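At position 311 of the sequence shown the residue is numbered 315 (our numbering), and the sequence of numbers has no breaks. Reviewing the structure listed below.
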Amino acid sequence: MQDRKIILTGDRPTGPLHLGHYVGSLMKRVEMQNMDKYETFIMIADIQALTDNADNPTKIRENVMEVMMDYLAVGLDPDKTHFFIQSQIPALYELPMYYSNLVTMSRLERNPTIKSEIQLRNFERSIPVGFMTYPISQAADITAFRASYVPVGVDQQPMLEQAREIVAAFNRTYHTDILVEPEAVLPDNKLCYRIVGTDGNTKMSKSLGNCIYLKDEAEDVKKKIMSMYTDPNHLRIEDPGQTEGNVAFIYLDVFCKDEHFAKHWPEYPNLEALKEHYRRGGLGDVKVKRFLFNVMEETLAPIRAKRVELAKDKEAVFKILREGTEYSVNFSNQLLREVKDAIGVNYFEDESFVQQYIRNQS
Ligand code: TRP
Numbered sequence: 005m006q007d008r009k010i011i012l013t014g015d016r017p018t019g020p021l022h023l024g025h026y027v028g029s030l031m032k033r034v035e036m037q038n039m040d041k042y043e044t045f046i047m048i049a050d051i052q053a054l055t056d057n058a059d060n061p062t063k064i065r066e067n068v069m070e071v072m073m074d075y076l077a078v079g080l081d082p083d084k085t086h087f088f089i090q091s092q093i094p095a096l097y098e099l100p101m102y103y104s105n106l107v108t109m110s111r112l113e114r115n116p117t118i119k120s121e122i123q124l125r126n127f128e129r130s131i132p133v134g135f136m137t138y139p140i141s142q143a144a145d146i147t148a149f150r151a152s153y154v155p156v157g158v159d160q161q162p163m164l165e166q167a168r169e170i171v172a173a174f175n176r177t178y179h180t181d182i183l184v185e186p187e188a189v190l191p192d193n194k195l196c197y198r199i200v201g202t203d204g205n206t207k208m209s210k211s212l213g214n215c216i217y218l219k220d221e222a223e224d225v226k227k228k229i230m231s232m233y234t235d236p237n238h239l240r241i242e243d244p245g246q247t248e249g250n251v252a253f254i255y256l257d258v259f260c261k262d263e264h265f266a267k268h269w270p271e272y273p274n275l276e277a278l279k280e281h282y283r284r285g286g287l288g289d290v291k292v293k294r295f296l297f298n299v300m301e302e303t304l305a306p307i308r309a310k311r312v313e314l315a316k317d318k319e320a321v322f323k324i325l326r327e328g329t330e331y332s333v334n335f336s337n338q339l340l341r342e343v344k345d346a347i348g349v350n351y352f353e354d355e356s357f358v359q360q361y362i363r364n365q366s
């Protein structure tokens with residue numbers, strides 16, 4: 005089992021995880037975990053969360069266990085996967101210090117994810133240094149664990165590109181091959197890359213208030229679906245309706261399988277037939293939304309049930325995270341050791357340095 009390839013990924017604990025996280029990456033993580041082919045690390049990225057929440061550490065602290073519960077609820081399994089908290093891993097502080105000398109300011113400024121996040125947060129010229137450099141820290145997260153695969157949302161691709169550049173620069177500069185080149189793993193279905201919010205906004209995001217959370221009660225999910233953005237011109241049932249840009253149909257595209265019709269709405273053989281009727285007119289939004297709710301519940305109800313189960317023994321959940329963190333400290337320290345050897349900042353461990361110093365003295 006020594007030469008299993010390694011998976012590492014994580015999320016910022018700024019809020020509970022939602023449907024966007026689920027289809028954008030969590031599904032893929034569970035799938036890869038269950039292939040029993042890789043060693044998997046999942047990290048709660050609290051340091052990265054602090055890079056734009058320095059004044060609100062309570063929010064981050066409160067969401068660490070929240071995210072952990074979401075992970076376990078969706079089927080990430082502590083018997084197969086190591087979970088840890090970023091801030092507790094010493095290597096993740098040391099490595100960025102060395103990597104940052106191999107990255108230019110202009111390269112960071114060109115990073116498309118950073119660019120759009122700066123806009124989104126209205127930082128303008130007041131960008132925290134820690135925020136600006138988090139791609140370097142993220143490269144450390146990935147390389148410290150020698151990860152080959154990083155299942156993430158599509159918005160993280162520029163981070164992976166930057167990490168690969170750091171790997172290449174490090175290996176070249178220090179004449180070594182210890183750093184492993186990582187690659188992003190995206191969902192198989194392109195429709196899952198980015199799921200729209202319930203209001204039709206292109207991004208599901210907590211700040212926009214358009215999320216369906218994995219921990220939402222069935223009642224809340226129903227309410228959110230019932231108030232979902234559809235086709236504003238589809239006023240009366242008889243009116244022809246648009247399925248494009250219609251959130252109910254976008255979600256059905258992602259979640260609905262033919263079996264769901266057999267089970268919940270046998271009048272239609274499949275989604276195409278339903279869309280056909282909607283476009284023709286004579287099909288009301290409420291019926292479509294009720295069906296969508298039933299379809300979504302096939303995914304959400306088991307996650308919710310698992311969460312309730314987990315909440316009965318929070319001590320066990322806490323222990324998983326603590327033990328995973330301990331394991332991860334040791335695991336990443338090995339790579340850190342090799343990095344320091346490669347650069348030569350290993351004065352007290354390197355016998356030849358010690359010998360040379362003593363010899364030259366006399
Ligand atoms: N940037 C990721 C996000 O915003 C979180 C993250 C931090 C991460 N370090 C990582 C993801 C390393 C994958 C690998 O969700």
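A virtual CB, placed ideally from N, CA and C, is assigned to each residue, including glycine. Quantities reported herein were computed from a predicted structural model and do not represent experimental measurements.
Terminal residues of the beta strand (DSSP E) in which residue i lies
i	result
residue 12	9-15
residue 153	153-155
residue 188	187-189
Neighbourhood of residue i by C-beta, 8 Å cutoff - its chain only, sequence neighbours within 5 removed
i	result
residue 249	204, 235
residue 90	14, 47, 48, 49, 50, 51, 52, 96, 145
Per-residue DSSP class, three states only, for residue i
i	result
residue 353	coil
residue 178	coil
residue 5	Any answer about residue 5 is weak, because its pLDDT of 46 lies below 50 and its placement is not dependable; what the coordinates show is given next. DSSP places residue 5 in coil when its eight states are reduced to three.
residue 85	strand
residue 22	strand
residue 272	coil
residue 233	coil
residue 281	helix
residue 121	helix
residue 63	helix
residue 200	coil
residue 2	Not covered by the structure: residue 2. The range shown for the chain is 5 to 366.
Range of the contiguous alpha helix (DSSP H) that encloses residue i
i	result
residue 43	From DSSP, residue 43 is part of no alpha helix (DSSP H) but of the beta strand (DSSP E) over 42-48.
residue 305	289-315
residue 342	318-347
residue 265	262-268
residue 217	Taken as a continuous stretch (DSSP letters only), residue 217 belongs to no alpha helix (DSSP H), as it is neither H nor E.
residue 98	95-103
residue 252	251-259
residue 33	31-37
Beta carbon proximity, residue i to chain B, threshold 8 Å
i	result
residue 285	Here chain B cannot be found, since the structure has a single protein chain.
From the options, residue whose alpha carbon lies closest to that of residue i
i	options	result
residue 303	31, 20, 11, 330	31
residue 308	231, 293, 23	23
residue 16	171, 64, 60	64
residue 283	152, 181, 241	241
residue 69	88, 58, 59, 83	88
residue 314	338, 80, 57	80
residue 216	344, 329, 337, 301	301
residue 109	137, 202, 356, 244	137
residue 8	99, 42, 126	42
residue 26	10, 181, 319, 255	255
residue 185	147, 221, 178, 177	147
residue 67	219, 273, 178	219
residue 330	93, 340, 349	93
residue 104	132, 167, 327	167
Cut-off 6 Å between Cβ atoms - residues of its own chain near residue i, not counting five sequence neighbours on either side
i	result
residue 264	299
residue 252	232, 234, 292, 293, 296
Same chain, Cβ closer than 7 Å to residue i, neighbours up to 5 away in sequence not counted
i	result
residue 324	82, 87
residue 5	Any reading at residue 5 needs caution, since the residue's pLDDT is 46, under 50, leaving its predicted position unreliable; the model's value is listed next. Cβ neighbours of residue 5 beyond the five flanking positions: none.
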